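All the letters of the sequence shown, read from the start, carry residue numbers 0 to 373 under numbering that gives the first Met the number 0.
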Amino acid sequence: MSPETTDLPLTLSADHYHRPAPEIPGAIALIEDAQVGVNLAMLQTGALQIAIDSQAVKPGDKLLVFIDEQLVLVSLVERPCNGEPIVRNIPAKCVPDGIISLSYRVNVEQSAPLKVLVKTELPGGVDPKPEAPGHFLLTPPQLTPTTLDGGQAETVRIAPYPGMRHNDVVMLKCGNWTLPHNVTAHEVGQPLTFTLSPEMVASNGDGAIVLYYTISDAVGNRATDHSLGLAVMIQTGSATPVAPTVSGVDQQNALYLSQLGSQTVTVSLDTRAFTAGDRFTLVWSGVDRTGGIKLFTQEQILERQTTLEFSVANNTIQELAGGSARLFFTRTDAKGGEQQLPSREILIVGNTRRVSATEASPQQAPGEFAAGGS
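Shown next as structure tokens:
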């Protein structure tokens, strides 16, 4: 079935628009060079949903939806709208990447256009090793040396990455600090530079951290995983910090959920240098793949053991799939004095949702069909 055509011009002056612009539910607002943005997730159902003002629309009216000057959807109104927006689905295959102009007609009445930035390419591209810790194409942050004393500022560099674009947001994770950077137009294709102040380094306390970064773009697409990590030791004194031991963690500071299964994780602390009656609190600060913070604490009082063991529940680990966890102990002695012990950071490697090549297409509304054939 082919849509009927009209002899009306597709481009009108603002004075000739008789209907308001369409809306896109869930679209990203405040997009540079466009009014709204559309990302990959919004098209993964197989269609882009739009909402049309139903004022003065009645059963039997014909809706024609255009992208730029291309007719992409024809739909008949089959029932009274009762003031509710008219929701329709444009097939995803009809929605190109880039800046598009979305408009519609109700019979012969033309709407104002909606300027939309469509971007379905993910920052970093497709990870060739999705089961490994970190996105294989997002190289580790660069820092020399990798043992820091907190005595001076440190410079971290991040190499250009596949799909790098203006207005990407790169978030560098450094222990308990997260440093955001908005990519400018002249930085595209160039290394990015971050500065770690002495205060940032020292505030993490002694111990091991993993530097890594995440990337999102202007319309809310995220890289499928964080970058590869760089192990860094913070040592403000002469003694090498002794970090907690975490069961199941390999030499790359990675904990694989596929190997963990339904087991708990054990965090062990050597207590031979401490005194019976000391109170130890495990602080487990997790970051999930979207940047959400998950905090967990557990407390024990030392009796005569040479090692204290703390158990972290499996669901606490699972909710950090694709993220990381920084953990340390605080010690409180009999007089109430507190001491933060050396920290450790681990990467949680799990089966986070990956981009699917095909998704089920939504049902079209009655009387609705896509224009332009296959």
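From the three backbone atoms N, C-alpha and C, an ideal C-beta is built for every residue, glycine too. The structure displayed is predicted, hence computed values, not measured ones.
Check, Outcome
"Comparing alpha-carbon positions, which option in Pro159, Pro144, Met163 and Ser257 lies nearest Pro122?", "Met163"
"The beta strand (DSSP E) that contains Gln317, what's its start and end?", "Here Gln317 belongs to no beta strand (DSSP E); instead the alpha helix (DSSP H) covers Asn313 to Gln317."
"Rounded C-beta distance between Leu307 and Thr270? I'm assuming under 8 Å.", "5 Å"
"Exposed or buried, Ser261, counting other C-beta atoms within 10 Å across all chains shown (16 or more means buried)?", "exposed"
"Rounded to the nearest angstrom, how far is the Cβ of Leu171 from that of Tyr212, given a contact under 8 Å?", "5 Å"
"Are the CB atoms of Gly82 and Gln48 within a distance shorter than 9 Å?", "no"
"Do you know offhand how far Leu75's Cα is from Lys61's?", "5 Å"
"Helix, strand or coil for Pro90 per DSSP?", "strand"
"Excluding the five sequence neighbours on either side, which residues of its own chain have a C-beta within less than 8 Å of the C-beta of Lys334, listed in chain order?", "none"
"So what does DSSP say about Thr44, is it helix, strand or coil?", "coil"
"With a threshold of 8 Å, are at least 3 pairs of Cβ atoms found where one atom belongs to the region 284-299 and the other to the region 232-250?", "no"
"If I measure Cβ to Cβ from Arg352 and keep anything under 6 Å in the same chain, skipping five residues before and after, which residues do I get?", "Any reading at Arg352 must be qualified, since the residue scores a pLDDT of 39, below 50, and its modelled position is unreliable; no value is offered."
"Taking Asp32 as the reference, give the member of Pro79, Ile98, Pro112 and Phe327 with the closest Cα.", "Ile98"
"Three-state secondary structure (DSSP) at Gln339?", "strand"
"Name, in chain order, the residues that DSSP records as bridge partners for Leu307.", "Leu268"
"Spatial neighbours of Thr154 within its chain, please: CB distance less than 7 Å, with the 5 preceding and 5 following residues excluded, ordered by chain position.", "Thr192 and Thr194"
"Please name the residue or residues paired with Thr235 in a DSSP beta bridge.", "BP columns for Thr235 are empty, so no partner."
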